[in-house]
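Scroll down for the structure; my scribbles are underneath it.
Number of protein chains: 4
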Amino acid sequence: MSNTPLIISAAIVGAELTRDTYPNLPLTPDEIAEAAEEAVNAGASIIHLHVRDENGLPTQRVDVFETVTEKIRNRCDCILQYSTGGAVGTPVELRCNPVSLKPDMATLSMGTMNFGSEIYENTEETITTIARAITDNDVMAELEVFDFGQLETVMRMVKKGLVPERHHMDFVLGVPGGMAATISNLVMLVNRLQEGQTWAVAGLGRGQLPMAMHSIAMGGHVRVGIEDNIYYRKGELAVSNAQLVERVVRIAREYDRPAATVDQARQILGLSE
Amino acid sequence: MSNTPLIISAAIVGAELTRDTYPNLPLTPDEIAEAAEEAVNAGASIIHLHVRDENGLPTQRVDVFETVTEKIRNRCDCILQYSTGGAVGTPVELRCNPVSLKPDMATLSMGTMNFGSEIYENTEETITTIARAITDNDVMAELEVFDFGQLETVMRMVKKGLVPERHHMDFVLGVPGGMAATISNLVMLVNRLQEGQTWAVAGLGRGQLPMAMHSIAMGGHVRVGIEDNIYYRKGELAVSNAQLVERVVRIAREYDRPAATVDQARQILGLSE
Amino acid sequence: MSNTPLIISAAIVGAELTRDTYPNLPLTPDEIAEAAEEAVNAGASIIHLHVRDENGLPTQRVDVFETVTEKIRNRCDCILQYSTGGAVGTPVELRCNPVSLKPDMATLSMGTMNFGSEIYENTEETITTIARAITDNDVMAELEVFDFGQLETVMRMVKKGLVPERHHMDFVLGVPGGMAATISNLVMLVNRLQEGQTWAVAGLGRGQLPMAMHSIAMGGHVRVGIEDNIYYRKGELAVSNAQLVERVVRIAREYDRPAATVDQARQILGLSE
Amino acid sequence: MSNTPLIISAAIVGAELTRDTYPNLPLTPDEIAEAAEEAVNAGASIIHLHVRDENGLPTQRVDVFETVTEKIRNRCDCILQYSTGGAVGTPVELRCNPVSLKPDMATLSMGTMNFGSEIYENTEETITTIARAITDNDVMAELEVFDFGQLETVMRMVKKGLVPERHHMDFVLGVPGGMAATISNLVMLVNRLQEGQTWAVAGLGRGQLPMAMHSIAMGGHVRVGIEDNIYYRKGELAVSNAQLVERVVRIAREYDRPAATVDQARQILGLSE
Ligand SMILES: [Mg+2]
Ligand SMILES: [Mg+2]
Ligand SMILES: [Zn+2]
Ligand SMILES: [Zn+2]
Ligand SMILES: [Zn+2]
Ligand SMILES: [Zn+2]
Chain A
1 MSNTPLIISA AIVGAELTRD TYPNLPLTPD EIAEAAEEAV NAGASIIHLH VRDENGLPTQ
61 RVDVFETVTE KIRNRCDCIL QYSTGGAVGT PVELRCNPVS LKPDMATLSM GTMNFGSEIY
121 ENTEETITTI ARAITDNDVM AELEVFDFGQ LETVMRMVKK GLVPERHHMD FVLGVPGGMA
181 ATISNLVMLV NRLQEGQTWA VAGLGRGQLP MAMHSIAMGG HVRVGIEDNI YYRKGELAVS
241 NAQLVERVVR IAREYDRPAA TVDQARQILG LSE
Chain B
1 MSNTPLIISA AIVGAELTRD TYPNLPLTPD EIAEAAEEAV NAGASIIHLH VRDENGLPTQ
61 RVDVFETVTE KIRNRCDCIL QYSTGGAVGT PVELRCNPVS LKPDMATLSM GTMNFGSEIY
121 ENTEETITTI ARAITDNDVM AELEVFDFGQ LETVMRMVKK GLVPERHHMD FVLGVPGGMA
181 ATISNLVMLV NRLQEGQTWA VAGLGRGQLP MAMHSIAMGG HVRVGIEDNI YYRKGELAVS
241 NAQLVERVVR IAREYDRPAA TVDQARQILG LSE
Chain C
1 MSNTPLIISA AIVGAELTRD TYPNLPLTPD EIAEAAEEAV NAGASIIHLH VRDENGLPTQ
61 RVDVFETVTE KIRNRCDCIL QYSTGGAVGT PVELRCNPVS LKPDMATLSM GTMNFGSEIY
121 ENTEETITTI ARAITDNDVM AELEVFDFGQ LETVMRMVKK GLVPERHHMD FVLGVPGGMA
181 ATISNLVMLV NRLQEGQTWA VAGLGRGQLP MAMHSIAMGG HVRVGIEDNI YYRKGELAVS
241 NAQLVERVVR IAREYDRPAA TVDQARQILG LSE
Chain D
1 MSNTPLIISA AIVGAELTRD TYPNLPLTPD EIAEAAEEAV NAGASIIHLH VRDENGLPTQ
61 RVDVFETVTE KIRNRCDCIL QYSTGGAVGT PVELRCNPVS LKPDMATLSM GTMNFGSEIY
121 ENTEETITTI ARAITDNDVM AELEVFDFGQ LETVMRMVKK GLVPERHHMD FVLGVPGGMA
181 ATISNLVMLV NRLQEGQTWA VAGLGRGQLP MAMHSIAMGG HVRVGIEDNI YYRKGELAVS
241 NAQLVERVVR IAREYDRPAA TVDQARQILG LSE
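Chains as they are written, first to last, in the UniProt record's numbering: chain A, 1 to 273; chain B, 1 to 273; chain C, 1 to 273; chain D, 1 to 273.
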């Protein structure tokens, strides 16, 4: 039973969500910064960040990332993790650009797949390109793995030096087209990791809470937030990202895994070195 | 995500524990009945029962089971589950005897194994004998499975009609000599069950809390109590069985699985038919 | 231990292979028909068919499929299974077309993924369209599953009525971007199937022989052929498709699973009904 | 795909078999030595040895082991592996005795369990005692694991220094009371090993051939012989141990894993150091 402090990552915006679906969605730099601060106060130590343009649409524009970053930094300390996923269809050059701002971490999605009715495109060339941007900027990669073969791709590409050996792993489970958010699947993935590898799980939709429970008890870390799941429980929208974080904190406390402080999270991830 | 109410079974006495190890151990009929009531008030719906004789030693004497049963029934409603395990070394005839009192449930251990430095003996003949006593008295069996081969023995013996097809399953994990209390092991076991089969898990020692967490999120049920684990957390003895039950109730509530009432538990287990 | 006759599927041409890589590659209708006949004589009961145009390039042209089919039918009885995969990049309309010829079976690839440095595109819409063509022509589908999430997609789409419930399953393992050809992966996939579901495995490259061995001993069926693997052993090109089939037949005979005759294969697959 | 030569262990006598069940059973020192020689000529490199007294009953008498050993050594080179299992019920002192003859290897059974209607008793104390005899005589241990918990016991006892870290692993699958001989079970066990650990599998009865097939393709080693399985195929008794070995050799050859010579086996197991 591991009592390592629990790193909670809050995915507070996302790229696909709209106010039609989730009315409290933070869109402007100020709203996003406020949501980040609330999540951090609730117990999150990583902010998984997408940003939106003036029209509330997802963007990979460097200036917007810069503005939002500054606003967040003014409000609170946290590990900032930029998404390089963009929205479905964003060209790879644009996806990479914000990494030049040298956030603490950046995501690297490890394969192409159906994402519901769309294709989420991450060719080996795309992966290699984004990986290089991450490495060149001395940023830490969080590898996003949506299916089992993508985990084997990680190993193959790490061995070839195309993907950074020093990374944090995130299993994103429950995308229609990827692996379902089941404990059986999570165990298969975790059993395939190297000993000592840090990992988190993000369960989509109704998979968010079970995956968080399991990860707490497995010694993993957790991603929650409205990007992945807008409900607090069946039929009841979450009030805020902070509300989703708070529940995980309460459960983790019962388990004697306190939510990691930002400094603890940095240490666990090797970001303070 | 299953929101079936959570059946919590409290193993409040055990056969091996002494006051030297756990000072608050209930031993007399009154103490045991009081511990049962507290556990039920805390949220348990099944009391997994061992009893002790006048010297505090484990016994399968019918009169003692009868006395304790009466005292518990006078205090609270609950599903009473008698252990037929006895202490290590109890002869099979004695192990069976209390089943004649027709409790709601009785345990049936599904194999022989090392239990630390002892042998816990359950030959196929023993299993068959106890199973017959259970069936003849119209009691529901809880099958205790400590290792993977024992689960395969269940299937073999059910097919031969030697073990009741209608049963509740309990995976007891963490005995030195049996399967460890890991999520990888629990998933292997649960994946091997038939769809719709009800099951619980009892993790021993420091495995109690993680197994409970996982089971809550997997749609299984949970056994806790000082028989299996005397610590609330590392280095801190549990105050009571109720304290261990309460934590599970709180976590289950966060997960939106309320602790089953006794009536709900009867319905889930098919005991009310 | 299942002694069901072993259905061997021969993937004799493929879409990507060229004579530069594999000099004995059958390209013309006569060559393909001859390769099919040899494979059937060696013990294959299914011919997994791609065809080539006058320039040796992969094509989904109906007239070419028609010509090759006639030539094969003139030489031998077999279960003809058309590929609807086409080459990487073939538009979905073209991929479907040959199904109108009503072959015994047609493939249906269950997801989008990286295929080495390319993308193999099978959106949910593509899957649905091809599935409809297969069903409308009363053809039996072989579902091609390359990763774990694709198997879960099968279940989801079958439940929605978008993919035929009556199908044969083929796990294609070893594509860089999909699941590796390991026994651990094969077991995970097979454990996820419904009881009684027929399945085969096609291991790519050096995974071909191990996957065949395991499948023989697991009661599954086997696909071999130069589409998947051009080597007989490390460093030694296969002489022909038949040579690869013959080895599987010899191993299966040692295991007391005779290679299925075409009639036996029809019966096992439910094609004779 | 591993092409390591395949170490075939022949279990040529066993402790429980009688001539009533298997008429060709070797019983006298000469018969056993002849059976050993035939098995080695067929491709076995390890002889797993039980011996019988003047009445054909299983014995752990040192003088009988000595006589048989001398007769085998006169006929052929092989790795001699003494069973310390004895028959069900043999006291631990007797089980240990032959180890004083310093064979190449000796078995060490890793737990207590039902063995059909009997108990196969191996308490932690028994294991420790036999392990010490093995170590003190500078013999290599083959750990016999019949259930999952026994593998976890190996790890626990190795860590405590009670079981030799340098050992060969043998999974004995298919005992009623232990784990069934299924590929799913074998994969679970093998996945739990350390990288580089050598292992073999012995499938009982009709599990012998499938387990051999899987092990060949997994890079493991194989035990066959009439101790574990008296049939060549359903309803047809094996002619001899050699016949069972020969089939494995033929399959392994098709897989390009030649049967290990005795010298190769010594090298793979680290016995030549
Ligand atoms: Mg209650
Ligand atoms: Mg030899
Ligand atoms: Zn994101
Ligand atoms: Zn008990
Ligand atoms: Zn193909
Ligand atoms: Zn033996």
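Built from N, CA and C at the ideal position, the CB exists for glycine as well.
- Assignment of H48(D) by DSSP, reduced to helix, strand and coil, places it in the strand class.
- Contact between the region 13-21 of chain C and the region 257-269 of chain C is not established, with fewer than three Cβ pairs separated by less than 8 Å.
- With a threshold of 16 other beta carbon atoms within 10 Å, S215(A) meets it and is buried.
- Chain A has a Cβ within less than 8 Å of the Cβ of E254(B).
- Here N114(A) really is in contact with G177(A); their C-beta atoms are around 3 Å apart, less than 8 Å.
- Counting only runs of at least 3 residues, the region 131-175 of chain D fully encloses the following beta strand (DSSP E) elements, listed from N- to C-terminal order: 140-145, 167-173.
- Taking a contact as a CB-CB distance under 8 Å, the pair V51(C) and V64(C) counts as one, their CB atoms being some 5 Å apart.
- In this structure, the beta-carbon distance from I79(B) to V222(B) does not fall below 8 Å.
- Distances from the alpha-carbon of M179(A) to those of D170(C), T182(C), L244(C), L189(C) put L189(C) closest.
- When the beta-carbon positions are compared, Q81(D) and E142(D) come within less than 8 Å of each other.
- Judged by DSSP in its simplified three-state form, Q60(C) adopts coil rather than helix or strand.
- Taken through DSSP and simplified to helix, strand or coil, G14(A) comes out as coil.
- Taken from the Cβ of S83(C), at least one heavy atom of ligand 5 lies inside 7 Å.
- Here the alpha carbons of H48(B) and P23(B) stand approximately 20 Å from one another.
- Chain order gives the chain C residues near I251(D) as I251, E254, where near means a beta carbon separation below 7 Å.
- Relative to the non-hydrogen atoms of ligand 4, the Cβ of H221(D) never comes closer than 7 Å to any of them.
- Residue environment: E195(C) is assigned as exposed (fewer than 16 neighbouring CB atoms within 10 Å of its CB, all protein chains considered).
- The Cβ atoms of T112(B) and E118(B) do not sit closer than 8 Å to each other.
- A straight line joining the alpha-carbon of N191(C) with that of D170(C) spans about 14 Å.
- G161(D) has its CB no nearer than 7 Å to any heavy atom of ligand 5.
- DSSP lists no bridge partner for I127(A).
- By the Cβ neighbour-count rule, N241(C) is buried, with 16 or more other Cβ atoms within 10 Å of its own.
- In this structure, ligand 6 has no non-hydrogen atom nearer than 7 Å to the beta-carbon of H168(D).
- Rounded to the nearest whole angstrom, the C-alpha separation of L162(B) and D256(A) is 43 Å.
- Chain A has no Cβ within less than 8 Å of the Cβ of T107(C).
- From the beta-carbon of D104(C), no residue of chain A is found nearer than 9 Å; the closest lies around 28 Å away.
- For S184(A), the closest C-alpha among the options V158(B), H167(B), Q150(B), G219(B) is that of G219(B).
- In this structure, the alpha-carbon of G85(B) lies about 6 Å from that of R95(B).
- Between ligand 3 and H50(A), a heavy atom-to-CB distance of less than 7 Å is present.
- Taking 7 Å as the cut-off, the C-beta of G14(B) counts as close to a heavy atom of ligand 4.
- In this chain, the alpha helix (DSSP H) harbouring R247(D) covers 241-254.
- Near chain C, meaning a CB-to-CB distance below 8 Å, no residue of the region 52-77 of chain A qualifies.
- Scanning chain B for C-beta atoms nearer than 9 Å to the C-beta of N191(A) yields S184, reported in chain order.
- Contact check for E34(D) against P26(D) passes: the beta carbons are separated by less than 8 Å.
- Checking the 7 Å criterion, the Cβ of E125(C) is out of range of every heavy atom belonging to ligand 5.
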